[in-house]
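Numbering (full-length UniProt numbering), first residue to last: 1 to 198.
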């Protein structure tokens, strides 16, 4: 658990850097020359939106910023998947040191209702794959024709909101999972002593 806490502290720092990295805006026109608007308008609007004006821009903000942000989300998703996988392993019958809370009346499996599947952990593991796949799309969006095509736009309308919503959901789901986790210290001790001190 201490390792997980430390990893999530690093993820929090990564997220702060990613937020800083992506918080840029521009209203400098189609080629970034301010031909139609005063530069102070961009500064004013960006300040109102808690953004910084891009130092150099053209039709769009360059997508390396967005790729970095989504890559950080992918790292966070991967951390959560790692933690969930560890819990899944420890819930196996032959280990059985921890277990997801199993609510009264909850069904564990459609084929075997008595079975206690680690549903939340499995859900987190599956969703992490989606967030990672979205980060690959963000990396693909860095390459734009003539530094200004908008092929990224259609993909970002999906991957940006979906990835943020998924990370929020996964974090909440994991927090609830950990808060209600059944822990069996006697079983841990028993497993530890199976090798007779080796």
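The beta carbon of each residue, even a glycine, is placed where N, CA and C say it ideally should be.
Check	Outcome
Classification of residue 66 by the beta-carbon crowding that lies within 10 angstroms, buried from 16 upward	buried
Meets three-Cβ-pair contact criterion under 8 Å: the segment 34-42 and the segment 125-137	no
Residue 47 burial status per 10 Å Cβ neighbour count (16 or more: buried)	exposed
Which listed residue (137, 73, 75, 121) has its alpha carbon closest to that of residue 91	121
Alpha carbon of residue 183 to alpha carbon of residue 99, nearest angstrom	7 Å
Three-state secondary structure assigned by DSSP to residue 183	strand
Own chain partners of residue 187 with C-beta closer than 7 Å, once the 5 adjacent residues on each side are dropped	96, 97
Residue 13 burial status per 10 Å Cβ neighbour count (16 or more: buried)	exposed
Beta strand (DSSP E) runs contained entirely in the segment 75-102, provided each spans 3 or more residues	none
Between the CA atoms of residue 28 and residue 34 - distance to the nearest angstrom	5 Å
Rounded separation between residue 63 and residue 78 - CA only	22 Å
Unbroken alpha helix (DSSP H) run spanning residue 208, endpoints	Residue 208 lies beyond the stretch modelled for the chain, which goes from 1 to 198, so this question has no answer here.
Distance CB(residue 51)-CB(residue 24) smaller than 8 Å	yes
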